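Asker: Residue numbers (the numbering used here), protein chains in the order written: chain A, 15 to 215; chain C, 15 to 215.
Cβ atoms here follow ideal geometry from the backbone N, Cα and C, with glycine treated the same way.
Note that the structure is a prediction, hence the values are computed from the model and not measured.
First the structure, which I've put down as structure tokens, then a few questions once you've had a look.
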């Protein structure tokens, strides 16, 4: 397509790099921005720049954070005897939304996926293992999506956590098999945390 | 929803102001940007900022342009006896893609819509009328979407253009009534320009 301006072409190219946004949608979004006040676009651009340059990750649980230690890890009211292991920040948000869980988290930053070339060393697994000794942790919940990759990761983590005197559990399979954890409704997700099942060891 | 970081919350709020993007999609896009290299996000932010601060509009036809006069108006090969009136830049792009039209354009910047409070004075209608005298224009094509608002705008323009010795035509109604011009396929849109129908005056 011949865009009337290099600026438009540039913006469309950059916007269409986002997942699920093609050239036509990108053009619609870009022209929409041109119709709005200048501040709207500048605020959007500024928020993305700040996001990318200033974001921090909690040094304990690797969740996204404004400080060195995230609000959940720093909260004295949270139950320090239990760690919930999740794939990414969206899963933390989804579980927090259920209000059924008061423990800590550990964000892996992905799951083991040989097809996409993601191995155990690409994830925050070592730092999870290092959190266990000298801590009050009595239980680790593996809250991973019930997919092939999630099961592989859970299996790997179970083996790694076995040397410690821990209860290892997984959230109940109330979630449809093959589904994505973040899209589960709050009641199903909340219940699946309440009725978590201990791994046979 | 309680976001783990103010930066995330800010970015999600700004992104979800875009049309058709809700909070959940915005969060998905924002977390996607965090996973990519920093340059990807900075390039996106920069392209949007440049777009909004440096964009120009052609002083003749009001199309988006890199210069004071757009590439189409400046092109000596275009037929200066004919002006195609469209709602916005996307319509220019759609018509250019058909390769069936070699004349000039005039971008109204919207259509008359009493419901949305858009009247004739909010559009580039006066400048269209000013283009006609002292020019070679023999025909004006009204290429507006065949909706209530499009028809109202076409009717208004026909009245305004009547004093001039012009052929006034409209693109053939090969496009489904109620449809949006920009989504028509190229063959239908191209043919509807070829078989344009003169208004009875």
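1) Which bits of chain C does residue 59 of chain A rub up against, with CB to CB less than 7 Å?
2) Using beta carbons (cut-off 7 Å, strictly below), is residue 116 of chain A in contact with chain C?
3) Please determine, among C:178, C:208, C:43 and C:203, the residue with the shortest C-alpha to C-alpha distance to residue 151 of chain C.
4) If I'm right that residue 213 of chain C touches residue 166 of chain C with Cβ under 8 Å, what's the distance once you round it to whole angstroms?
5) Is any non-hydrogen atom of the ligand SAH found closer than 6 Å to the C-beta of residue 166 of chain A, if you look at the structure I gave you?
6) Run down chain C in chain order and give the residues with a C-beta less than 9 Å from the C-beta of residue 28 of chain A.
7) Among A:146, A:70, A:131 and A:203, which one has its Cα closest to the Cα of residue 159 of chain A?
8) On the premise that residue 207 of chain A lies in contact with residue 115 of chain A, defined as a C-beta separation below 8 Å, what is that separation, rounded to the nearest angstrom?
9) Does residue 89 of chain C get closer than 7 Å to chain A when you measure Cβ to Cβ?
10) What residues match up with residue 85 of chain C in a beta bridge as DSSP calls it?
11) Here's a check: name, in chain order, each residue in its chain whose Cβ is nearer than 6 Å to the Cβ of residue 40 of chain A, leaving out the five neighbours to either side.
12) Jot down the residue ranges of each uninterrupted alpha helix (DSSP H) in the stretch 33-87 of chain A, minimum 4 residues, whole runs only, in chain order.
13) Check whether the Cβ of residue 138 of chain C lies closer than 7 Å to any Cβ atom in chain A.
14) Which same chain residues, not among the five before or five after residue 22 of chain A, have their C-beta less than 7 Å away from its C-beta?
15) What do you reckon, are the CB atoms on residue 66 of chain A and residue 52 of chain C nearer than 7 Å?
16) Quick one: using the 10 Å Cβ neighbour count with 16 as the cut-off for buried, is residue 100 of chain A buried or exposed?
17) List, from N- to C-terminal side, the beta strand (DSSP E) runs of 3 residues or more that fit wholly inside the stretch 105-169 of chain A.
Answerer: Taking the coordinates as given:
1) The residue given as residue 59 of chain A occupies position 45 in the first chain. Simply 59, 62 and 63.
2) Position 102 of the first chain holds residue 116 of chain A. Residue-level contact check: residue 116 of chain A does not touch chain C, since none of the beta carbons of chain C fall below 7 Å from its beta carbon.
3) Position 137 of the second chain, counted from the first residue, corresponds to residue 151 of chain C. The shortest Cα separation from residue 151 of chain C among C:178, C:208, C:43 and C:203 belongs to C:178.
4) If you number the second chain from 1, residue 213 of chain C lands on position 199. If you number the second chain from 1, residue 166 of chain C lands on position 152. Cβ-Cβ separation between residue 213 of chain C and residue 166 of chain C: approximately 15 Å, too far for a contact (criterion under 8 Å).
5) This structure simply doesn't include the ligand SAH, nor any ligand for that matter.
6) Translated into positions along the first chain, residue 28 of chain A becomes position 14. Residues of chain C with a Cβ closer than 9 Å to the Cβ of residue 28 of chain A are, in chain order, 54, 57, 58, 59, 60, 61 and 62.
7) Here residue 159 of chain A is taken as the residue at index 145 of the first chain, counted from 1. Here the closest residue by C-alpha is A:203.
8) Within the first chain, numbered from 1, the residue matching residue 115 of chain A stands at position 101. Within the first chain, numbered from 1, the residue matching residue 207 of chain A stands at position 193. Residue 115 of chain A to residue 207 of chain A, Cβ: 5 Å. Contact.
9) Looking up residue 89 of chain C in the second chain gives position 75. No, no contact with chain A.
10) Taking the second chain and counting its residues from 1, the one referred to as residue 85 of chain C is at position 71. According to DSSP, residue pairing for residue 85 of chain C in a beta bridge does not occur.
11) For this step, residue 40 of chain A is matched to residue 26 along the first chain. 26, 29 and 30.
12) Taking only runs of at least 4 residues, the alpha helix (DSSP H) segments lying wholly in the stretch 33-87 of chain A are 37-49 and 52-68.
13) Locating residue 138 of chain C in the second chain gives position 124, counting from the first residue. So, not an interface residue.
14) Within the first chain, residue 22 of chain A is the residue found at index 8, counting from 1. Sequence-distant Cβ neighbours of residue 22 of chain A in its own chain, meaning closer than 7 Å and more than five residues away, are 44.
15) To locate residue 66 of chain A, count along the first chain from 1; it is residue 52. To locate residue 52 of chain C, count along the second chain from 1; it is residue 38. Yes; because the gap between Cβ atoms is below 7 Å, this pair is in contact.
16) Here the question's residue 100 of chain A lines up with position 86 in the first chain. So residue 100 of chain A counts as buried.
17) Qualifying beta strand (DSSP E) stretches, in chain order: 117-121 and 153-156.
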